[in-house]
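**Student:**
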Amino acid sequence: MNALSIRNLEKRYPNGVYALRGIDLDVAEGEFFALLGPNGAGKSTAIGIIASLVNKTAGQVSVFGHDLDTDLAGAKASIGLVPQEFNFNQFETVIQIVLNQAGYYGIPRSRARERAERYLKQLGLWEKRDVVSRELSGGMKRRLMIARALIHEPRLLILDEPTAGVDIEIRRSMWRFLEDINRRGISIILTTHYLEEAESLCSTVAVINHGRIVEYGTVSELLHKLNYETFVLNVRGSVTGLEPVEGYSMTARLDGALEVEVPKDTGINRLFEALSEQGVEVLSMRNKTNRLEEFFMRLVEDQRRDAA
Amino acid sequence: MAYGDSAIPTTWWRNWVAFQTILIKEVHRFARIWVQTILPSAITTGLYLLIFGNLIGDRIGVMDGFTYMDYIVPGIIMLSIITNSYGNVVSSFYGTKFQRHIEELLIAPVPNWLILAGYVCGGVARGLTVGVLVTIVAAVFTDLELAHPLLVVLIAILTATVFAIGGFINAIYAKSFDDISIVPTFVLTPLTYLGGVFYSISLLAPFWQGASLLNPILYMVNAFRYGFLGVSDIPVAVAFALIVVFIVGLGGWALHLLNRGTGIKS
Ligand SMILES: Nc1ncnc2c1ncn2[C@@H]1O[C@H](COP(=O)(O)OP(=O)(O)OP(=O)(O)O)[C@@H](O)[C@H]1O
Ligand SMILES: [Mg+2]
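Taken in sequence, the protein lines are chains F and E.
Residue numbers for the first sequence follow my numbering, so the first one is 6 and each next one is one higher.
Residue numbers for the second sequence follow my numbering, so the first one is 21 and each next one is one higher.
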């Protein structure tokens with residue numbers, strides 16, 4: 006059975022914005038799935054509809070076979086949601102927030118307390134249980150939302166940018182935590198703007214842009230479609246007035262570094278040779294942008310070209 | 021381990037736990053900020069009773085056969101029940117929307133009628149808490165007697181329910197903090213003051229007597245006063261019927277708005 010199955014999902018907001026223009030998506034049970042896409046693509050809208058926070062305009066959604074239109078309670082009980090924006094009561098304590106959420110799912114207090122202790126400990130929040138939520142740091146708030154989303158032990162956990170604004174150490178520990186619960190059988194869908202995150206966690210990704218699914222596959226399949234990569238070279242020697250090197254496109258940067266676009270399937274040895282012939286020594290090299298961002302930029306450019 | 025399955029309770033039981041959770045949370049909220057929620061009414065009623073009842077009341081003499089103090093006490097209790105039950109729900113539910121933790125309820129399998137019931141009962145709880153406190157304050161000024169105690173309790177609960185639902189509807193439509201004070205200031209307060217809290221409408225000219233009969237709060241105040249003193253400007257049964265009609269009408273409206281997601285879901 007699919008954890009999530011979406012057919013022809015459309016959303017038009019009352020202000021006229023067409024956020025989703027007919028989406029089909031299947032997420033298999035046990036999968037760790039990434040929903041990617043640039044800002045405003047429609048990710049949060051899709052998640053909002055799945056989690057009953059946004060009314061859909063057309064289409065079907067079913068969660069573990071529970072259709073939103075015919076078995077809403079069944080679908081809701083199967084989903085845990087970590088939303089993009091903080092949405093808990095600022096004046097309640099960590100433990101109250103988690104216990105109240107358990108109550109809304111009909112979980113008796115005694116059982117809710119056991120689970121709250123377990124998840125808050127696993128997420129490093131147990132010491133903070135009596136702290137009022139507005140006094141938590143951003144990263145703690147994110148983890149609180151994860152604990153809250155798990156309190157009814159959902160079969161599908163949906164996280165909308167769970168690691169936004171979280172430092173690298175906590176991010177890594179969140180990844181380990183998510184991998185662990187995924188291994189224990191919970192299907193996971195997450196959105197992220199970090200390629201590394203999708204790459205290291207997710208088996209399958211879908212890319213959404215302007216309300217349509219434009220790519221679907223594994224992360225490596227996706228990156229394969231990028232036909233060039235941009236590197237920034239820190240060099241000794243002047244970068245202005247360099248002779249062009251065939252096959253590469255170079256730009257001198259104001260900070261004295263050199264930016265080079267390298268086509269896919271092209272090595273970089275020849276570039277280094279050509280540079281040293283011109284008296285430029287390469288000291289270090291890095292990827293210019295997050296490759297995912299680069300991918301999104303290509304996507305936008307492609308669409309603009311198609312439209313023209 | 022099959023996640024979820026072991027934890028699915030029967031619908032009835034699940035709803036009961038969810039209802040308790042909302043209600044307890046609501047009571048915690050107004051108890052935590054009691055200086056804003058409970059105390060003001062006790063102080064204002066104390067002042068009303070001191071000034072109108074004690075100082076001026078002696079010069080007014082009797083009304084419907086009672087000292088002025090005794091005459092106004094039931095209306096003043098009712099006044100605080102009305103403002104507090106309304107005020108509790110309108111600010112709490114608006115805050116829930118504004119801070120977005122309404123989403124905690126929307127994602128969970130809580131039926132809409134239960135959300136409404138939870139918040140309304142929270143409002144009724146505050147209305148009654150303040151009502152009891154004000155009654156105690158009033159007892160300091162005069163000897164209270166209850167002609168029909170059961171009626172007093174019943175009218176208090178039902179009236180609090182009407183206004184708690186009213187506050188809920190107000191909160192659904194409210195888009196800013198200003199919107200949650202408009203109705204209390206420009207509708208509820210005038211209607212309450214003109215609803216026979218401080219006078220018997222028999223003192224009014226016939227036209228204004230007729231106009232007063234269009235004011236629903238008049239019926240509630242008078243039925244409540246009947247419970248205390250055994251006198252009323254209107255038949256108590258009419259008041260009952262009216263209150264029930266209001267509960268059903270406003271309750272249906274609130275539920276309809278929730279089902280449509282007005283002001284909550286886009
Ligand atoms: N409540 C709303 N009312 C009207 N339009 C909305 C609403 N929420 C989102 N939109 C619009 O719908 C489109 C999709 O927004 P959405 O939040 O789903 O994007 P997203 O993919 O989650 O973006 P991000 O990565 O920035 O979170 C955008 O054009 C946005 O402006
Ligand atoms: Mg988003």
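Beta carbons: idealized from backbone N, C-alpha and C, even for Gly.
All figures in this text were calculated on a predicted structure; none of them were measured in a lab.
Using the C-alpha atoms, what's the distance from T116/E back to L164/F?
**Tutor:** Translated into positions along the first sequence, residue 164/F becomes position 159. Translated into positions along the second sequence, residue 116/E becomes position 96. Take the alpha-carbon of L164/F and the one of T116/E: they are about 22 Å apart.
**Student:** Whose CA, out of I175/F, L161/F, N239/F, lies closest to the CA of F37/F?
**Tutor:** Here residue 37/F refers to the residue found at position 32 of the first sequence. It is L161/F whose Cα lies nearest to the Cα of F37/F.
**Student:** Quick one: residues in its chain with C-beta nearer than 6 Å to the C-beta of F93/F, no 5 flanking neighbours on either side, listed in chain order?
**Tutor:** The residue labelled residue 93/F in the question sits at position 88 within the first sequence. Here the set comprises I102, S138.
**Student:** At least one CB of chain F closer than 8 Å to the CB of K285/E: is that the case?
**Tutor:** Your numbering for residue 285/E matches position 265 in the second sequence. Judged by the 8 Å Cβ criterion, K285/E is in contact with chain F.
**Student:** Closer than 7 Å from C-beta to any heavy atom of ligand 2: which residues, in chain order?
**Tutor:** K48/F, S49/F, Q89/F, D165/F, E166/F, T196/F
**Student:** Got a sec: which bits of the region 187 to 199 of chain E sit with their beta carbon under 7 Å from any beta carbon on chain F, in order along the chain?
**Tutor:** none
**Student:** Please list, in chain order, the residues of the region 93 to 106 of chain F that have any C-beta partner in chain E closer than 7 Å.
**Tutor:** F93, N94, Q95, N105, Q106
**Student:** What's the gap between the Cα of S201/E and the Cα of P129/E?
**Tutor:** Here residue 201/E refers to the residue found at position 181 when the second sequence is read from its first residue. Here residue 129/E refers to the residue found at position 109 when the second sequence is read from its first residue. Approximately 32 Å between the Cα atoms of the pair.
**Student:** Tell me, which residues are paired with E220/F by DSSP?
**Tutor:** Translated into positions along the first sequence, residue 220/F becomes position 215. E220/F is bridged to V212/F.
**Student:** Does at least one heavy atom of ligand 1 sit under 7 Å from the Cβ of G143/F?
**Tutor:** Against the first sequence, residue 143/F aligns to sequence position 138. No, ligand 1 has no heavy atom inside 7 Å of this Cβ.
**Student:** Can you give me the Cβ contacts of H157/F inside the same chain, cut-off strictly under 8 Å, excluding the 5 residues immediately before and after it?
**Tutor:** Along the first sequence, one-based indexing puts residue 157/F at 152. Cβ within range, chain order: A82, G85, Q106, A107, Y110, I112.
**Student:** As a quick exercise: from C141/E, Q40/E, N242/E, pick the residue whose alpha carbon is nearest that of F183/E.
**Tutor:** The count along the second sequence starts at 1 and reaches residue 183/E at position 163. With distances taken between Cα atoms, F183/E lies closest to C141/E.
**Student:** Who are the neighbours of Y109/F on chain E, taking C-beta pairs under 7 Å?
**Tutor:** If you number the first sequence from 1, residue 109/F lands on position 104. Per Cβ cutoff of 7 Å: A38, T41, E124, L125, A128, V130.
**Student:** Could you check whether the Cβ of G283/E sits closer than 7 Å to any heavy atom belonging to ligand 1?
**Tutor:** Mapped onto the second sequence, residue 283/E falls at position 263. Checking the Cβ of G283/E against ligand 1 gives no.
**Student:** Mapping DSSP to helix, strand and coil, what is E298/F?
**Tutor:** By one-based count along the first sequence, residue 298/F stands at place 293. In the three-state reduction of the DSSP assignment, E298/F falls in the helix class, which pools H, G and I.
**Student:** Looking at the secondary structure, which residues open and close the beta strand (DSSP E) in which L195/F lies?
**Tutor:** If you number the first sequence from 1, residue 195/F lands on position 190. 192 to 196 is the span of the beta strand (DSSP E), which, as asked, contains L195/F.
**Student:** With a 10 Å radius around its C-beta and 16 neighbouring C-beta atoms as the bar for buried, classify L40/F as buried or exposed.
**Tutor:** In the first sequence, the residue the question calls residue 40/F occupies position 35. It counts as buried.
**Student:** Can you grab the Cα-Cα spacing for the pair L304/F / A145/E, in whole Å?
**Tutor:** Translated into positions along the first sequence, residue 304/F becomes position 299. Translated into positions along the second sequence, residue 145/E becomes position 125. L304/F and A145/E: Cα-Cα distance of roughly 57 Å.
**Student:** May I ask whether a heavy atom of ligand 1 can be found less than 7 Å away from the beta carbon of G290/E?
**Tutor:** Within the shown structure, residues of chain E are numbered from 21 to 286, placing residue 290/E beyond reach of any answer.
**Student:** Can you find at least 3 beta carbon pairs, one from the region 10 to 18 of chain F and one from the region 182 to 191 of chain F, that sit closer than 8 Å?
**Tutor:** no
**Student:** Using only the alpha-carbon positions, how far apart do L125/F and W131/F sit?
**Tutor:** Counted from its first residue, the first sequence places residue 125/F at position 120. Counted from its first residue, the first sequence places residue 131/F at position 126. Approximately 5 Å, taken between the alpha carbons.
**Student:** Quick check for students: name the residue ranges of the beta strand (DSSP E) that lie wholly in the region 188 to 215 of chain E, counting only runs of 3 or more.
**Tutor:** none
**Student:** How many Å lie between V160/E and I71/E at the Cα?
**Tutor:** The count along the second sequence starts at 1 and reaches residue 160/E at position 140. The count along the second sequence starts at 1 and reaches residue 71/E at position 51. Their backbone Cα atoms lie some 14 Å apart in a straight line.
**Student:** So that I know if they touch, is there some Cβ in chain F lying closer than 8 Å to that of R146/E?
**Tutor:** On the second sequence, residue 146/E is found 126 positions in, with the first residue counted as 1. No, R146/E does not count as interfacial toward chain F.
**Student:** I'd like the ranges of any beta strand (DSSP E) spanning at least 3 consecutive residues and lying wholly in the region 60 to 138 of chain F.
**Tutor:** 63 to 68, 84 to 87
**Student:** Anything in chain E within Cβ reach of P88/F, meaning under 7 Å, just list it in chain order.
**Tutor:** In the first sequence, the residue the question calls residue 88/F occupies position 83. Going along chain E in sequence order, the residues near P88/F (Cβ under 7 Å) are E123.
**Student:** Quick check: is any heavy atom of ligand 1 less than 7 Å from the C-beta of V22/F?
**Tutor:** The count along the first sequence starts at 1 and reaches residue 22/F at position 17. Yes.
**Student:** For A191/E, which residues in the same chain have their Cβ closer than 6 Å to its Cβ, ignoring the five residues on either side in sequence?
**Tutor:** Within the second sequence, numbered from 1, the residue matching residue 191/E stands at position 171. These residues qualify, in order along the chain: V110, F113, Y114.
**Student:** Is A39/F near ligand 1, in the sense that its beta carbon is under 7 Å from a heavy atom of that ligand?
**Tutor:** Counting from 1 along the first sequence, the entry for residue 39/F is found at position 34. No - ligand 1 has no heavy atom lying nearer than 7 Å to the Cβ of A39/F.
**Student:** What is the C-beta distance between F39/E and G147/E, in whole angstroms, given that I count them as a contact (C-beta under 8 Å)?
**Tutor:** Within the second sequence, residue 39/E is the residue found at index 19, counting from 1. Within the second sequence, residue 147/E is the residue found at index 127, counting from 1. Going by Cβ atoms, the distance from F39/E to G147/E rounds to 18 Å, so no, they are not a contact pair.
**Student:** Within 8 Å of any Cβ in chain F, is that where the Cβ of N108/E sits?
**Tutor:** As a position in the second sequence, residue 108/E is number 88, starting the count at 1. Under the 8 Å criterion on CB atoms, N108/E is classed as non-interfacial with respect to chain F.
**Student:** L234/E to L214/E, Cα distance in whole Å?
**Tutor:** For this step, residue 234/E is matched to residue 214 along the second sequence. For this step, residue 214/E is matched to residue 194 along the second sequence. Whole-angstrom Cα-Cα distance: 11 Å.
**Student:** Here's a check: name, in chain order, each residue in its chain whose Cβ is nearer than 8 Å to the Cβ of N132/E, leaving out the five neighbours to either side.
**Tutor:** Taking the second sequence and counting its residues from 1, one reaches residue 132/E at position 112. The answer, listed in chain order, is L275, L278, N279.
**Student:** Assuming the contact rule is C-beta atoms closer than 8 Å, I54/F and V68/F should be a hit. Round their C-beta distance to whole Å, please.
**Tutor:** For the purposes of this step, residue 54/F is taken as residue 49 along the first sequence, with counting starting at 1. For the purposes of this step, residue 68/F is taken as residue 63 along the first sequence, with counting starting at 1. Incorrect: roughly 11 Å between the Cβ atoms, too far for contact.
**Student:** Which runs of the alpha helix (DSSP H) fall wholly inside the region 38 to 97 of chain E and span at least 4 residues, in chain order?
**Tutor:** With a minimum length of 4 residues, the continuous alpha helix (DSSP H) runs that stay inside the region 38 to 97 of chain E are 54 to 57, 59 to 68, 77 to 80.
**Student:** Looking at N239/F and ligand 1, is the gap between the Cβ and the nearest heavy atom below 7 Å?
**Tutor:** Along the first sequence, read from residue 1 onward, the residue named residue 239/F stands at position 234. Checking every heavy atom of ligand 1 against the Cβ of N239/F, none is found closer than 7 Å.
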